[in-house]
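Sequence order for the protein chains is A, B, C and D. In terms of our numbering, the first sequence has 310 at position 310, counting the first letter as 1, and numbering is strictly consecutive. So the mapping is simple: our numbering equals the position in the second sequence, first residue as 1, plus 1000. So the mapping is simple: our numbering equals the position in the third sequence, first residue as 1, plus 2000. So the mapping is simple: our numbering equals the position in the fourth sequence, first residue as 1, plus 3000.
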Amino acid sequence: MDNSKTFWLPEKASTFVDTVDPAFNLYLWISIFFFGLIIILITVFTVKYLRRRPDQLATAQITHNLTLELSWTIIPLIIVMGLFFLGMKGFLHMRVAPAGYMQVNVKAQKWSWGFEYPSGAINDTLVVPVNTPVKLAMTSRDVLHSFFIPAFRTKADVIPNRYHALWFQATRTGVFPVQCTQYCGTNHSYMLTAVKVMEPEAYEEWLANASDPGKGKTPAQFGEVLYQKRGCNACHSVDGSKAVGPSWKGLFGRQENTSAGSVMVDEAYIRESMLQPAAKVVTGFQPVMPTFQGVLSDREVVAIIEYIKTLK
Amino acid sequence: MSNHEYPGHAIPKSTIVGSYFTLVFLTAIMVGLSRLNVERLGIDWIDLHAIKTCLIMGIALVMGIIVSMFLMGLRYESKLLNLTIFLSNFVFLLIFVLFTWADTSFRGEVDPSFNQKINYTSPVKEEAAGEHGAASHEGAPAQTAPASAGPAQAVQEAAPADVKTVPAAEAAAPAKKDAAPAATKPSAPSAPAAAKPAAPAAAKPAAPAKEAAPAH
Amino acid sequence: MIAHVHHENINYLKASKGLKNWLVTVDHKRIGMMYLASILCFFIAGGTFAGLFRFELWSPLKEFLTPDQYNQFFTLHGVIMVFLVVVPGIPAALGNFILPIQIGAKDLAFPKLNLTSLYLYWIGAAIALYSIVAGHADQGWTMYAPYSLSRNPAVLWMMIAAFILGFSSILTGLNFIVTMHNMRAPGMTWYRMPLFLWAMYATGIMQIFATPVLAITLLLLLMENFFGIGIFDPALGGDPLLMQHFFWFYSHPAVYIIVVPGFGIASEVIACFSKKDIFGYRFVAYSSVAIAIIGFVVWGHHMFVAGQSELADSIFSFLTFFTAVPSAIKVFNWTATLYKGSIELRTPMLYALQFLFNFTIGGLTGIILAILSVDIHLHDTYFVVSHFHYVAMGSTMIAFIAGIHYWWPKMTGKMYNETVGQIAAILVFIGFNVTFFVQLIMGSQGSPRRYYHYMDQFQIHHQISTIGFVILASGLFLALGNLIASFFNKSVAPANPWGAKTLEWQTDSPPPLYNFKETPVVTHGPYAFETEKA
Amino acid sequence: MATASTGLPEHHVAHHFDSADQEFDSVKTGMWLFLASEIMMFGALFVGALVFMTLHPAAFREGAHHLDWRMGAINTFFLLTSGLTMGLAVIAAQAGQQSKVRANIILSLVLASGFLVVKTIEYSLKIHHGTLPGRLWHGEGFHDPFVHVFYGFYFVMTGLHGLHVLIGMGLMIFALIRSTKVRFNRGYFTPVEMVALYWALVDLVWVFLFPLLYLIG
C-alpha cells in the first residue's frame, strides 16, 4: 500500500497510522460537508436577498422555528459523541503497549536526545527493529521536552524526574525524523534526531557492535565516537567556532580565564568541567552545561580527554 | 423581608450574637475532636483517622454555612442572586478539584513507572540515611542544586522496574516484567480502586537497582 | 472639584476639555474610548512582533533574528496579544461604551471602579513593556514550569504584569454584571436585552470566576521562583502537570472570554444589516451562557500528551465535544438570519460575514483536536497555532473591527469612507486566510510550533504565510487609516445611519453625557425601536 | 429616625442611580461578586493543598503535626469575636448610633491586630525552627522529603490570608473615617455593611483554613 505523504498527513510508517489516519479523514469529510453547507447557504442568501432598492424591507420576519433549532442541536451532538468513542478507542490502543515489547531508555536534555539500550549500547539516534513493539522510558535532565515522530503519528511529553512511556511499532524500514515539540529554550528547533528502522538481523548486528562502543578503538577514537553519541556536538565545536560552549580545538594546554580565576586547561580541569560544569565556567559563556556525573563512565571520561588532546 | 423604602435588611441582634456563640462552641468541639488520640482506642477494623478528618471538616462546613447565611445575611436576601453567586463558587471549585484528582490519583494506571519520582532533591535533611531505602548519594544530580543550607539529600531512585541491567542476552526476551501493563484496562470511570496512597517510591524500600546507565 | 457647567445635552466629547478631564473622567464613554485607543496601539505592537518573526521564518536559515530573539518575539507576541489586546479587547472598549446605552442607563454601576480598572490595565501594560527592557522573557505566554522557573527577571516582571491585568479584567466583569442586573431601563426584561449584552454577561461570569485562579497560578510560580517551594518544580519533587492544570483552568475560560464578545457583536451586526430580527433569539442567548459554563470543565484537553492519566484524558475529551453544540447553534442561527432578509453589504457586514467564514473553520478545526487519537499527532503543531488564530484573530479581532465600524458613527459622530472600508475588509479577508489556512496543512504534516529552524519541506508554507501576513497587515492599516481619517471630515454622522433597531441608536451620536435626554421606557423586544433612517 | 445630633451631612444617592435601594442593591451585589473572586482565589489554593494532601499524605500529616494548634485556636477566637463586633457595628449604624459604630469598629481593629500579633509569634517560631519553605529550609528532625512543600503551602495560604486581614483592617479604618464624614441611619449604612461583609469573608476563609492546616494532622 502507498506509504508516501498525502496532502494532509505525513508518510505512513507505524501501526498507529491505521488508528489516526481513518479518524482524521472521516473528520475531514464531516468538516468539508458542514463548511460547504454553511458557505453555500451564506452566499446564496446574500446574493438572493441583496438589498436592491434602498428602502427594500425583509421579505419575511421569520425569527424562530423549533424543529430547525432542535435538529441543529441534536445532530451535532450525535456526531460528536460518535467522534468521542472513535477517538477514545484509538487512544487507549495508542497508550497501552502490547506484551513483549523491547525497552529503550531515552534521556532528553537541553537540545539533544540520548538513547540507552538495556545491553549498555548508547546512541544519539534511535535504532529499532521493524515490526517489533518498542517502548521508550523517557526522562528529561532539565526542562519539559516532547518526543514527536510525525511518521509514526505519536508524541509524548518528556518530564524531568519521571519516566514517561511511549510505545510504537514500526511497519517499514527507513529513517524517520524526530522533533521536540514542547518549547525548551534557545535551540528548541534544533533538538532533532531520527528513528532508524532496520531489519531484525541488521539490528542485532548493529546492537552487538554498539554495545561495547570502545571495543577495538584507541581511547582517542572512542572519545570521538562519544563526542557524537553523548551529544557534546550540540554545544561544543571542534573547528574553533564559538557555539553554546567553548570550542575544543586547541583547548588542551591553553591558559583560560574562568569564573574562578585563570586556569591551565589540563586533564583535571577537563574532568572537573565534565562532572561539575558550574565550578569553573570559561568567561563569556553561560553555565548551562548539565553534569555528566553518573552518566559518563571513567573510561569514557578518559577517552574524551584523549580525544580533546588530539584536537590541535 | 426588607421594607422597600429602606435599603437592605436589618439582621436582628439576637441572630448575630447567637451565631457567634454557636461558632465559638463549634470551634471548641472541633479542636477537642482533633486532640482526641484515636490510635489509643485500638479499634482497627475501621479507619478512625478518616472519620475524624471527615467530622472536623463537617464541623468546619457547618461553621461556614453559619457565617455565610447569618452573619453575611444571605438568608435574609429577597433576591436569590447573591446566594447563587456564593454557591457557584463552590461548584467551580468542586469541578476543579475533582478533575485534578481524576488526573493525579489515576496516573500510572497503564504505565506504573510514571509515578516514580527520580533524582529529585529535597532540602529536608535526613538523619538516618538508611531509613529511606538506599538513598545513595553518589548519583546526586548536581544541576543548579538549590543553595539551601542543609545538604541536598538526593533520593536516588530505582530505574523503572522493567529496566534492569541484566546481561545483554536476556535484554530482548522480557523475562519477568512486574510492571506488565494490563491489557486495555477499561478506564470507564468505574468506582476507582481505593485511592492508591501515591506515596513516592522513596518510601517503598525498593531494592536499589542501578540506573540503566553503564556500570560506573 | 472644578465647577464645570454642563447640562444634560452637551455630547460627552465636548462636555469637558483638557487631558486632565480625560484622565480623571468617570464617564463610561470616555473610558471606553481610552481603552479602545490603548488596545489598538497594543494590537499594532503585538502585530509588529508577529511580523518580525514571520519575515524571519521566510527561510529555515537565519535571516536577521537569532534563536533567542525569535523566542522573545513569539513570547511578546503571545503575551501582548492575549493579556493586553484580546482578553480586555471587546468588553473593555466596546462593552464599556455601548452597554449602558443599550440598557438605557446613565452609566455603569460603579464608575470609579471602571476608572480603577482602566488604571490597573495601564499599570499592568507598563510593567509588561518594562519586562521587554528588563531582560529576555522567552518562556512563551504559557509560562510552563520548569522552564519558567529560571529566575529570569523579565519572566518575573511578565508574571506580575499578568497578575495586575487579571484584576483589571475582574473589575470590568464585575461592573458589567451588576449593571445588567440592577440598572436596566424600566420595562427592559432579560429577553428584551440585545444579544451583545447576553455575550457581555457570559463573559462577565467567566472573568469573575476564572481570573482569580490565574492570580494564584502566578503567585505560586513567583513563590517557586523566589523560594523554590517545590510545588511545581520537578527537581524539588513537585509536579509540572499541576502547574498546567492551574494554568489551563484559567486559560481555557480565557479563550472563551476572548471569543464570546465576538459572538455578541456578530449577532448585532448580522441582524441589523439583513433588516431582520436575529433567528432564534433565546437559543443564541442561552448558547452564550452555555459556552461560559462548559468553558470551565474542559481545560484538560490542552494536556492530552503531557502525561495526564487516561481517565482524565477521556473525561476532558468527552466534555470538550459539548462545546461544539452551542457554537454550531450560533453559526446556524446567524446563517438562518440571512434568510429572506434585505442584506446590505456595508463594511461592518463584510466583516461580520468574514467572521462567520473564519469562525466556521476555527470551530471545526477545534473539534478535531478533541478527538484523542488524532490530537496525539496534532498537539503542539502549527495545526493548533492555526486553530486558535482562526478563533482569536479571525473571529474575535474581525468581530472587534466590525463592531468598531458598526458603532463608529455612534461613538465619534463621524462617518468613515465606505469604499475604502470595503477594500480594507476584502484585503483583510484574503490576507488572513492566506496566512493561516496554509498553517493547517503544515501542522498536520507534523511541523511543531515555536520552531525557529524548520524542515525544508515546510519552506513553501512559511513563505505563503508571510505573504499572507503582508496582505493582512496592509488591510488592517488601511482600515485603521480610514477610521482615523474620518475624524477630519466635517460632516456629522446621523443618529441612526444604518436604520438599526436597538436602543443605542435612539439617542443622538455622539451621545450626551447621560446618554438619553430622559430615561427611555421599553415596551417591546430589543430589535423593534422604529426610527426612520435619517 | 434618630435625631440628627451629630450634625453630619446626609448621604445623597449617586447621580446614575434612581433610588437608594437600587444603589444599595448594586453595591451589595458588586461586593458579593468581588467576594466570589476572593473565594475562587483562596479556593484555588485549597485545591492545591488538597491535591498535595492526596499525593503526599505522610508529608501533610508530619507537617501539620508540627503546627501549634493552640495558636490557631486563639486566632480563630480573635477572628470570630471581631466578626461579632463588626456585626454589632452594622446594627449600630442602622440604628444611627454613630459613636457605637466607632466603638465597635475600634474593638474589631484591636481584635484583628491581636490576630496579627499571634500570627507574627507563630511565624517567628517557624523561623526559629527553620521550617521555612523551599530554599530557606533548615528544619531538624523531619523524615518525609516533601514536608517542606507543606510549609510552602502553609506560608502562602496563611500569608495571603494575613494580607487580607490587613486589607480588612484598612477598610475598617476607612469606615471609621466615613463615620466622621456622613451620618449613618437606616437609610444609609453601606460602608459599614460592606466592610462587615468583607470581614466575614476573612472569617469564612479562616474557618476552612484552620482545620485544613492545623487540625487534620
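C-beta: ideal position from N, C-alpha, C; glycine also.
CA nearest to the CA of residue i, picked from the options
i: residue 3154(D); options: 2297(C), 2094(C), 2230(C) and 2079(C); result: 2230(C)
i: residue 2270(C); options: 2502(C), 2046(C), 2144(C) and 2248(C); result: 2502(C)
i: residue 2283(C); options: 69(A), 46(A), 53(A) and 17(A); result: 69(A)
i: residue 2260(C); options: 2293(C), 2303(C) and 2276(C); result: 2293(C)
i: residue 166(A); options: 149(A), 187(A) and 71(A); result: 149(A)
i: residue 3176(D); options: 3011(D), 3060(D), 3108(D) and 3028(D); result: 3108(D)
i: residue 1088(B); options: 2208(C), 2048(C), 2094(C) and 2088(C); result: 2208(C)
i: residue 234(A); options: 40(A), 269(A) and 108(A); result: 108(A)
i: residue 2518(C); options: 2447(C), 2507(C), 2524(C) and 2528(C); result: 2507(C)
i: residue 2471(C); options: 2499(C), 2436(C), 2454(C) and 2380(C); result: 2436(C)
i: residue 262(A); options: 275(A), 248(A), 276(A) and 281(A); result: 281(A)
i: residue 3054(D); options: 1098(B), 1007(B) and 1021(B); result: 1098(B)
i: residue 3111(D); options: 3092(D), 3168(D), 3137(D) and 3016(D); result: 3168(D)
i: residue 131(A); options: 26(A), 277(A), 275(A) and 101(A); result: 101(A)
Cutoff 8 Å: residue i Cβ touching any chain A Cβ
i: residue 1189(B); result: With a pLDDT of 34 at residue 1189(B), under the threshold of 50, the modelled position of this residue cannot be trusted; read the value that follows with caution. Answer no: the Cβ-Cβ gap between residue 1189(B) and chain A never drops below 8 Å.
i: residue 2438(C); result: no
i: residue 1968(C); result: It is not possible to answer for residue 1968(C), since the shown part of chain C is limited to 2001 through 2534.
i: residue 1114(B); result: yes
i: residue 2038(C); result: no
i: residue 1111(B); result: yes
i: residue 2263(C); result: no
i: residue 1013(B); result: no
Cβ neighbours of residue i in the same chain (closer than 7 Å, five flanking residues each side left out)
i: residue 1114(B); result: 1107 and 1108
i: residue 2424(C); result: 2475, 2478, 2479 and 2482
i: residue 174(A); result: 13 and 197
i: residue 3156(D); result: 3045
i: residue 2250(C); result: 2210, 2211, 2213, 2214 and 2217
i: residue 2464(C); result: 2434 and 2438
i: residue 2449(C); result: 2380, 2381, 2382, 2384 and 2385
CB contact check: residue i to chain D, cutoff 8 Å
i: residue 1108(B); result: no
i: residue 2062(C); result: no
i: residue 1020(B); result: yes
i: residue 1076(B); result: no
CB contact check: residue i to chain B, cutoff 8 Å
i: residue 2240(C); result: no
i: residue 3191(D); result: no
i: residue 2218(C); result: no
Same chain only: Cβ atoms within 8 Å of residue i, ignoring 5 sequence neighbours per side
i: residue 323(A); result: With chain A covering 1 to 312 only, the question about residue 323(A) has no answer from this structure.
i: residue 2441(C); result: 2461
Residue i at chain C interface by Cβ criterion, 8 Å
i: residue 234(A); result: no
i: residue 1120(B); result: yes
i: residue 1070(B); result: no
Contacts around residue i, its chain only, beta-carbon distance under 6 Å, and the 5 residues preceding and following it disregarded
i: residue 3074(D); result: 3118
i: residue 2392(C); result: 2086 and 2258
i: residue 129(A); result: 200 and 203
Quiz item: Given a limit of 8 Å on CB to CB distance, which residues of the segment 140-163 of chain A reach chain B?
Solution: 141, 142, 161, 162 and 163
Practice problem: Residues of the segment 3149-3183 of chain D with a CB closer than 7 Å to any CB of chain C: list them in chain order, please. | Solution: 3149, 3152 and 3156
Quiz item: Relative to chain D, which residues along the segment 1026-1053 of chain B have a C-beta separation below 7 Å, given in chain order?
Solution: 1027, 1030, 1031, 1034 and 1053
Exercise. With 7 Å as the limit, tell me which residues of the segment 8-31 of chain A have their beta carbon closer than that to any beta carbon of chain C; keep them in chain order.
Key: 8, 9, 10, 19, 20, 23, 24, 27 and 31
Quiz item: What are the uninterrupted segments assigned as alpha helix (DSSP H) that are 4 or more residues long and contained completely in the segment 2342-2378 of chain C, given in chain order?
Solution: 2347-2368 and 2372-2378
Practice problem: Could you name each continuous beta strand (DSSP E) segment of 3 residues or more that falls completely within the segment 2286-2332 of chain C, going from the start of the chain to the end? | Solution: none
Quiz item: What are the uninterrupted segments assigned as alpha helix (DSSP H) that are 4 or more residues long and contained completely in the segment 200-256 of chain A, given in chain order?
Solution: 200-211 and 219-229
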